[in-house]
Amino acid sequence: MVQLQALIFDVDGTLAETERDGHRVAFNHAFAAAGLDWHWTVEQYRDLLEVAGGKERIRFYLDRHQPHFEPPQDLNDFIAKLHAAKTSHYTQLISEGLIPLRPGVKRLLQEARSQGIRLAIATTTTLENVVALLEKHLGPDAPNWFEVIAAGDVVPAKKPAPDVYLYTLQALALPPKACLAIEDSHQGLQSARQAGLPTLVSVNDYTRHHDFAGAALVLSHLGEPDLPFDVIQGNAGDAMYLDVNLAEKLVGQ
Ligand code: XBP
Ligand code: MG
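For the sequence shown, the numbering used here begins at 1015 and goes up steadily by one.
What follows is the structure, encoded as structure tokens:
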């Protein structure tokens, strides 16, 4: 049986529900600060989430919803500036502690560390955003718990392309079958599966109706001893929360 050696986490929607009340709000702040009358509603953001990556998402929005917009400068520079302002609003929101970690995340990270399971992150979001979230909820040393934090533009092709997971596996020097990816979305699942990784999905309001064919297990959240998960797809045996033991079973399937 293959032995579990590492857990590889997505960030947005997986470690915390960052999209609706974090990223979306920060984009809107940045638009207003730039004098733009664009506003992304909770519902509209569901469609915009089809495109991973903040800069890519702004470009997609312009193409689809503001086709006549004339940028005041080179479009790439304009988007990069707007996105930098969004990142600073977002990290501010995170530092205010408004976005908690999802159930089971802290417990699983601590348990994995105590059992010598290696940790990594593979995300589309900007590195500063990841560091802000980890430090806020897990302490100043938490970014060092992860051997690899593959974030943002580290690879040019964002999820659902497998590149960010392939990059992470190469940095860990591990085969995919020795790792479990933990994701929240169809795009994330596609990315991880194309890299050959067994993948567990923990859904949220934006993703619960996605197609999760190919996932090792789909859960309502990672669960806690006093807050058991609901199994949406797959077989968790008699487990009520994701721990190293269940993760080991999933990679050994
Ligand atoms: C996350 C994303 C990110 C954030 C924005 O996808 O799509 O783009 O919405 O982050 P995943 P940036 O969870 O699959 O990694 O604005 O920093 O790009
Ligand atoms: Mg995600």
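Glycine residues also receive a C-beta, built at the ideal position from the N, C-alpha and C atoms. For clarity, every value in this text was computed on a predicted model and none was experimentally measured.
Beta-carbon gap between residue i and residue j smaller than 8 Å
i, j, result
"Q1201", "K1173", "yes"
"L1231", "L1203", "no"
"W1159", "R1127", "yes"
"A1164", "I1108", "no"
"T1101", "T1140", "yes"
"V1162", "A1134", "yes"
"L1096", "A1048", "yes"
"A1250", "L1260", "yes"
"Y1220", "L1063", "yes"
"D1177", "A1171", "yes"
"V1025", "V1144", "yes"
"L1233", "L1211", "no"
"G1118", "E1238", "yes"
First through last residue of the alpha helix (DSSP H) which encompasses residue i
i, result
"A1261", "1258 to 1266"
"V1016", "Counting along the chain, V1016 falls outside any alpha helix (DSSP H), and DSSP gives it neither H nor E."
"Q1184", "1177 to 1186"
"E1161", "Neither: E1161 is in no alpha helix (DSSP H) and is coded neither H nor E."
"V1168", "Looking at the DSSP string, V1168 is not in any alpha helix (DSSP H), and its letter there is neither H nor E."
"V1144", "1141 to 1152"
"V1039", "1038 to 1047"
Given residue i as reference, the closest of the options once Cα atoms are compared
i, options, result
"F1074", "I1093, N1158, Q1087", "I1093"
"G1068", "V1162, A1156, A1030, T1137", "T1137"
"R976", "R1038, P1086, D1091", "Given a span of 1015 to 1267 for the chain in the structure shown, any question on residue 976 remains unanswerable."
"G1111", "F1023, I1131, P1086, L1148", "L1148"
"E1125", "Q1267, G1266, E1262, D1257", "D1257"
"R1078", "I1131, D1091, Q1058", "Q1058"
"T1105", "I1131, L1076, Q1267, E1142", "E1142"
"A1175", "V1065, Y1255, H1103", "V1065"
"F1243", "H1224, E1262, V1217, H1223", "V1217"
"L1050", "P1085, F1023, R1060", "P1085"
Rounded Cβ spacing between residue i and residue j (contact assumed at less than 8 Å)
i, j, result
"D1198", "G1027", "4 Å"
"L1122", "L1236", "6 Å"
"L1021", "I1196", "6 Å"
"G1248", "A1229", "7 Å"
"A1046", "A1099", "Not really, about 10 Å apart at Cβ, beyond 8 Å."
"A1030", "P1154", "So it is not a contact: roughly 18 Å between Cβ atoms."
"H1151", "K1120", "7 Å"
"V1056", "K1191", "Their Cβ separation, rounded to whole angstroms, is 38 Å, which puts V1056 and K1191 out of contact at 8 Å."
Residue range of the unbroken beta strand (DSSP E) whose run includes residue i
i, result
"S1216", "1213 to 1216"
"A1134", "1132 to 1136"
"I1113", "Run containing I1113: none; DSSP gives neither H nor E here."
"L1231", "1231 to 1233"
"E1197", "1193 to 1197"
"Q1201", "Note, Q1201: premise wrong, no beta strand (DSSP E); alpha helix (DSSP H) at 1200 to 1208."
"V1065", "Unbroken run through V1065: none, as it is neither H nor E."
"Q1247", "1245 to 1247"
8 Å Cβ cutoff, residue i in contact with chain C
i, result
"E1161", "You won't find chain C in this structure, because it holds only one protein chain."
ask   = Counting Cβ pairs closer than 8 Å, one from the region 1180 to 1195 and one from the region 1206 to 1213, do we hit at least three?
value = At 8 Å Cβ cutoff, the stretches touch.
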